[in-house]
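Novice: Let me begin by handing over the structure; questions about it come next.
In the numbering used here, the protein residues as written are 35 to 293.
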């Protein structure tokens, strides 16, 4: 049977959910928002066994435009679509695909293979790897070390004989994050390491530029990890620049978040 589900769009789901029994004709239920602008939403499903009723519940939550300003009425700028269908997840996806290809803004330039505004390397990039994202224990700071990353990622390229431009690297902890050059000492009163000192990304770790150049020479596409929405409140610039721009609740309390 169907289980409970919740997921954010576009991070974890398309703009539709479906419940079905493929053995019973016309037993599928398609629930979607056909939003051509692809605004953020949260989709959910709660089966009857978990909501004290005889029917399951589909839901979608979307932040109203201008939610921070007084208003007496709001109408969603996109329709919520409910339909029955024959089949399973594939037939449900076909319904969404047919709408997306004709109406969604992100498809109007045509198939990627026919577009002239897409770089050639994008078609060759078949694999992405992560430098570590705290894959070591929290007391081990070698994960983002330029020497370590260069050695490991170069080995991947060589081991699998990847073509030039075939590998992408998401490089975490490429910056000092409050540490000294060899990551042996935290130089500030702020906690050092991953997810701290935003938005003070520079300087980079010693050896980063050289390792980056070497990996690029092997055809690796490198994307350094940054977090563009969080400001560390313990950094010197927070009271001068960050505080006035921060998202606040109605009680003027700062909204803290973890990535």
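A virtual CB, placed ideally from N, CA and C, is assigned to each residue, including glycine.
Can residue 145 and residue 208 be called in contact, C-beta distance under 8 Å?
Specialist: no
Novice: Just the Cα atoms here: how many angstroms apart are residue 195 and residue 255?
Specialist: 16 Å
Novice: Quick one: residues in its chain with C-beta nearer than 6 Å to the C-beta of residue 85, no 5 flanking neighbours on either side, listed in chain order?
Specialist: 91
Novice: Starting from the C-beta of residue 120, find all residues in its chain whose C-beta is less than 7 Å away, skip the five residues before and the five after it, and write them out in chain order.
Specialist: 59, 60, 62
Novice: Rounded to whole angstroms, what is the Cα-Cα separation between residue 164 and residue 183?
Specialist: Roughly 10 Å separates the two Cα atoms.
Novice: Just the C-alpha distance for residue 154 and residue 70, rounded to the nearest angstrom, thanks.
Specialist: 27 Å
Novice: Report all residues from its chain with a CB closer than 6 Å to the CB of residue 217; omit the five preceding and five following residues, and keep chain order.
Specialist: 175
Novice: Check this for me: beta carbons of residue 77 and residue 43, under 8 Å apart or not?
Specialist: yes
Novice: Would you mind listing the beta strand (DSSP E) stretches within the region 97-161 that are 3+ residues and don't spill past its ends, in chain order?
Specialist: Every beta strand (DSSP E) stretch that sits fully inside the region 97-161 and reaches 3 residues is listed by chain position as 114-119.
Novice: Would you decide whether residue 46 is buried or exposed? Buried here means 16 or more other CB atoms lie within 10 Å of its CB.
Specialist: exposed
Novice: Identify the continuous alpha helix (DSSP H) that holds residue 182 and give its terminal residues.
Specialist: Looking at the DSSP string, the run of the alpha helix (DSSP H) that includes residue 182 is 180-193.
Novice: Can you tell which of 274, 197, 227, 97 has its C-alpha closest to the C-alpha of residue 319?
Specialist: Residue 319 lies beyond the residue range present for the chain, which begins at 35 and ends at 293; the question has no answer from this structure.
Novice: Return no unless some Cβ of chain D is closer than 8 Å to the Cβ of residue 273.
Specialist: Note that chain D does not occur in the displayed structure, where there is just one protein chain.
Novice: Should residue 108 be labelled buried (16 or more other beta-carbon atoms within 10 Å of its own) or exposed?
Specialist: exposed
Novice: Specify the secondary structure class of residue 247 as computed by DSSP and reduced to three states.
Specialist: helix
Novice: Could you give the DSSP three-state label for residue 293: helix, strand or coil?
Specialist: Because residue 293 sits at a pLDDT of 46, beneath the cut-off of 50, its placement in the model cannot be relied upon, and the point is left open.
Novice: Would you mind sorting residue 149 into buried or exposed? The rule is 16 or more other CB atoms within 10 Å of its CB.
Specialist: exposed
Novice: Measuring only the C-alpha atoms, how far is residue 293 from residue 229?
Specialist: For residue 293, the predicted structure reports a pLDDT of 46, less than 50, and the residue's modelled location is therefore unreliable. A value from the coordinates is still provided. Straight-line Cα distance between these residues: approximately 8 Å.
Novice: What did DSSP end up calling residue 220 once you bin it into helix, strand or coil?
Specialist: The answer is strand: DSSP assigns residue 220 an E or B state.
Novice: Check for me: the beta strand (DSSP E) holding residue 205 runs from which residue to which?
Specialist: 201-205
Novice: Given that a residue counts as buried once 16 or more other Cβ atoms are within 10 Å of its Cβ, and exposed if not, what is residue 187?
Specialist: buried
Novice: With 16 as the cutoff for other CB atoms within 10 Å, does residue 178 come out buried or exposed?
Specialist: buried
Novice: Within the same chain, show all residues whose beta-carbon is closer than 7 Å to that of residue 241, passing over the 5 residues directly before and after it, in chain order.
Specialist: 180, 181
Novice: With DSSP run on the structure shown, which of helix, strand or coil describes residue 65?
Specialist: The answer is strand: DSSP assigns residue 65 an E or B state.
Novice: Just confirm the distance between the C-beta atoms of residue 191 and residue 252, as a whole number of angstroms; I'd bet it's less than 8 Å.
Specialist: 5 Å
Novice: Do residue 112 and residue 67 count as a contact pair if the criterion is CB distance below 8 Å?
Specialist: yes
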